[in-house]
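Protein chains in written order, with the numbering used here: chain V, 133 to 538; chain L, 1017 to 1472.
Note that CB positions come from ideal geometry on N, CA and C, so glycine has one too.
This one's a predicted model, so the numbers in the text were calculated from it and none came from an experiment.
One structure is given below, encoded as structure tokens.
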Amino acid sequence: MAINLEVPKKHRALVDQAHQVAMNMLRPISRKYDIAEHEYPKELDMLAAMIDGLSESGASEGAGATGVRRDADDGDKKGAVKNGANLASVTSVAEMCWGDTGLLLSMPRQGLGNSAIASVANDEQLERFKGRWASMAITEPSFGSDSAAISTTAVLDGDEYVINGEKIFVTSGERSDCIVVWATLDKSLGRAAIKSFVVEKGTEGVKVERLEEKLGIRASDTAVITFTNARVPKENLLGSPEINVEQGFAGAMATFDNTRPLVAAMAVGCARASLDLTRDLLKEAGIEVDYDKPAILQSAAAAKFLQLESDWEAGRLLTLQAAWMADNRKPNSLEASMAKAKAGRVGSDVTLSCVELCASVGYSEEELLEKWARDSKILDIFEGTQQIQQLIVARRILGLSSAELK
Amino acid sequence: MSLISNLKPGGKHGVPSTESRDPIGYLVAGLNRLAQTDLLDKVRLRKPAEQAVFSVTRTGFKTMTNASRTFAKAGKKGQPGTRPAHAAASGVFDLTPGEDEQMLVDVVTEFADEVVRPAAFEADKACTAPDDLLKASLEIGLPILGLPEALGGVSEERSAMAGTLVAEALAKGDMGLAVATLAPGSVATAIGLWGTDAQQQTYLPAFSAEDGTVPAAALALNEPTVLFDVLSPSTTAKKSGDGYVLNGTKSLVARGDSAELFVVGADLDGKPVLFLVESSTEGLSVEGDPAMGVRAASMTKLVLEDVKVSADAVLGETDGSTYTECVRLSRLAWCALAIGTGQAVLDYVTPYVKEREAFGEPIANRQSVAFMVANIAIELQGMRLLTYRAASRAAAGKDFTREVALARKACTDKGMQIGLDGVQLLGGHGFVKEHPVERWYRDLRAIGIMEGTVLV
């Protein structure tokens, strides 16, 4: 084996495919759904059918939201380095976000809830929720990053849990078939009592209260959902119902190790859209980056572009690393957070700087540069903000507990 | 120069030329002169003492180049030399070093931990690498690391990746000593990559000598020019009879005083070209050129005055392609050095901030401190992956122009930030030489400035 950081040969067809879809399906409707916020992008149903077909045929390597599952029995040769579904997922998600991040997030049956199910569901649940579109409901009005502060409750009553509470920022909350809801079994037991439940839409007591109007990713609906005595079968609890104080939050947080590289990949894809177009526009304006000539001897615009591209590539490679580790069963909490932190901040820097480089052409709605600069901001926030990622990285590097490094 | 312009303060001591003196300024300048003549021992004007160790002093010391060896000509002129095979491409994304590479890294890491790091402080101060350390570096085979087996080396294929890992591991010990020990091998690697059969047969056997007589050698591309563009050297090569005449000054040439073979970059008919110049050639001189950092590499200026070399002194192509490739591979090596030193910073500050207490608890418990450490770790890993990608492409014979440029950008900017933060995290203690972070700060400034010198 040898060190090689190119996109694996066997994924190249998949990446090309995703790129073609992004270019020919997402880009043409990108501005349309940015303007028509909350309108359902019906074009996506066709695309979702195509993705399901590809996934059935095995051509997609299990990429997409469910590609984060770490199967126990993948029957690979022992010791052989694997380029599997995690790597396929981040590369294809990046391509799709090069097309449109909001639309990728609206892709039927590719919700974050699907990733959560794929990460922690048992085989029976996996089968039962197959083909469903699952959104994820964690955040509440009173907290964001501090997931341990969950106040939505789940109380076992016979064969059902009764759920009560209010969830905000539920991506695809209106369009999804079901919602993965995070709730506490007993608030006094802290993090260990927090579990996730699959709640079917249409369950009595589940109500989409309103949709948010947002800075970016406007094609994606972001819902406020209330749960009033909503009853779900107890088999819908994901993972173990035991409250294991020793293990604490680990089970629930494991989802994030798998989804953070995906969000990092979104930032990588969105930022590349800006870089690609800006490179083009700069060339028309007579500026081309010379990779051999020292940056300080080139125009300020070229030097800036080189810096953006370098930062972007670092974010991209960190993302691939985190996914590669997941594929090869290496613990990757640290690397997933590094990828998310770097790609998240680079996503903002690249898209905002590209607007600046392109001046009013970048700022005007005539081009999509301004849209990408709005879309990218959320990627440094959801699935753990920049600050949360830094906290995780710092705790890991320094070997400090959450009590020591608050 | 007229008397008036001599009295102007600009152009000396870092004073910009736009400055002028007012009457008080003249008075102060005069007093300063007087003070410097050492009135305390009024006997006579003090004679400026010649510094014994030439490399530590900046002024006026010139010496001849090392002339101890002449390389006996061998091999077939004009015949292409042996070339290492490209590393096989597996098509699999993988961050695991090969078995051979890992073994090499383990050996070098041990050397870096046990020999290089303990010697770093003194070597930095003395501007020279200790002899026994240089000898030990020969024993672990550093000079022949980049050479294929057919040329007396160790690698089966193009070893840019192994070279990168080794440079990183060495620089974790110390960047200056890493440069001192890697410089000869860099020249050998260059001859292996681009030399003719004659050049390889003439020079390479000396590098695989097992009796400790491996020559020091230097890859001299830098020049003392503001806004220096390595691709347009002002050192010139002019055709003259059968050979060339070289004129110019190269700066920051590692171990120039002891080097027996130079690879010098010069402009030939508008294209940058590499020339092999033996230290015994007439017209060469070196002077000490110590810098802010990387001091253990005994940096010198190499002055070429009407240096005559034969027609077969040209290394590689004359169309600029070999030279450009050389620049890229050397930038790659500097990236690897930045990663190694960056890792040294991270490994040093991590226990420090956990032990150092302020306001009743370790400073690591504060986010402003902890996040600085987190960002060092994040950017360092980014630098590493960028560099590895460029290196693996180089080893596989793929174009790596863009990749090495992106790696160099990150290693220059983020590397310097890591140097800054390393000192900052130790506060006042970071500023004094009791801790190595100030050295790493000085060393990390070299990335992005240095061209040539080392190469993988």
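Here's the rule: buried if 16 or more other CB atoms are within 10 angstroms of the residue's CB, otherwise exposed. What is residue i?
i	result
LEU347(V)	exposed
THR1428(L)	buried
GLN1118(L)	exposed
ASP507(V)	buried
ALA321(V)	Checking the sequence shown, residue 321(V) turns out to be Leu, not Ala. Burial call: exposed.
GLY1041(L)	exposed
MET1080(L)	exposed
GLY185(V)	exposed
GLY1438(L)	buried
ILE99(V)	Not covered by the structure: residue 99(V). The range shown for chain V is 133 to 538.
LYS299(V)	buried
VAL222(V)	buried
MET155(V)	exposed
THR1034(L)	exposed
Is residue i helix, strand or coil when you go by DSSP?
i	result
VAL1006(L)	Beyond the ends of chain L as shown, which are 1017 and 1472, falls residue 1006(L); an answer cannot be given.
PHE1416(L)	coil
ASN376(V)	coil
SER224(V)	helix
ASN296(V)	strand
ASP1258(L)	coil
MET268(V)	strand
ARG363(V)	strand
SER1296(L)	coil
GLY185(V)	helix
PRO1164(L)	strand
SER274(V)	coil
THR358(V)	strand
GLY1107(L)	coil
ALA1065(L)	With a pLDDT of 37 at ALA1065(L), under the threshold of 50, the predicted position of this residue should be treated as unreliable, and no value is reported.
VAL1246(L)	coil
PHE437(V)	helix
PRO1475(L)	With chain L covering 1017 to 1472 only, the question about residue 1475(L) has no answer from this structure.
VAL421(V)	coil
SER1267(L)	strand
PHE1070(L)	Note that PHE1070(L) scores a pLDDT of 43, beneath 50, so its modelled location is shaky; the value from the coordinates is reported in the next line. PHE1070(L) falls in the coil class under three-state DSSP.
LEU370(V)	strand
ALA351(V)	coil
GLY1468(L)	strand
VAL252(V)	helix
Look up residue i in the DSSP assignment and give the residues it is bridged to.
i	result
ASP1283(L)	THR1252(L), PRO1288(L)
ASP289(V)	GLU292(V)
SER1301(L)	MET1080(L), VAL1319(L)
LEU1331(L)	LEU1290(L)
ILE311(V)	SER267(V), VAL331(V)
SER1480(L)	The first residue shown for chain L is 1017 and the last is 1472, placing residue 1480(L) beyond what the model contains.
ARG342(V)	VAL356(V)
ALA1275(L)	ALA1232(L)
PRO1096(L)	THR1212(L)
LYS262(V)	Beta-bridge pairing links LYS262(V) to no other residue.
ASN136(V)	ASP1110(L)
ILE326(V)	THR316(V)
PRO1378(L)	GLU1373(L)
Below 8 Å on the Cβ atoms is my guess for residue i versus residue j; work out the distance and round it to an integer in Å.
i	j	result
ARG363(V)	VAL294(V)	6 Å
ALA403(V)	VAL478(V)	6 Å
VAL1472(L)	ALA1176(L)	5 Å
ARG528(V)	SER465(V)	7 Å
VAL1279(L)	LEU1290(L)	5 Å
ALA1178(L)	THR1098(L)	Not really, about 18 Å apart at Cβ, beyond 8 Å.
GLY305(V)	SER267(V)	5 Å
ALA540(V)	THR451(V)	Residue 540(V) lies beyond the stretch modelled for chain V, which goes from 133 to 538, so this question has no answer here.
ILE1434(L)	VAL1361(L)	5 Å
Of all Cβ atoms in chain C, is any one closer than 9 Å to the Cβ of residue i?
i	result
GLU1454(L)	Any reference to chain C falls outside this structure, whose protein chains are V and L.
Could you check whether the stretch 1401-1412 of chain L touches the stretch 1024-1041 of chain L, counting it as contact only if at least three pairs of C-beta atoms, one from each stretch, sit closer than 8 Å?
no
Touch test, the stretch 484-498 of chain V against the stretch 388-399 of chain V, Cβ-Cβ under 8 Å, three pairs minimum
no
Are three or more beta carbon pairs between the stretch 1432-1446 of chain L and the stretch 1317-1335 of chain L nearer than 8 Å?
no
Under 8 Å, with one C-beta from each stretch per pair, do the stretch 1202-1215 of chain L and the stretch 1334-1351 of chain L reach the 3-pair mark?
yes
Taking three-plus beta-carbon pairs below 8 Å as touching, is the stretch 1179-1196 of chain L in contact with the stretch 1131-1139 of chain L?
yes
Does the stretch 210-219 of chain V come within contact of the stretch 327-337 of chain V, defined as at least 3 CB pairs closer than 8 Å?
no
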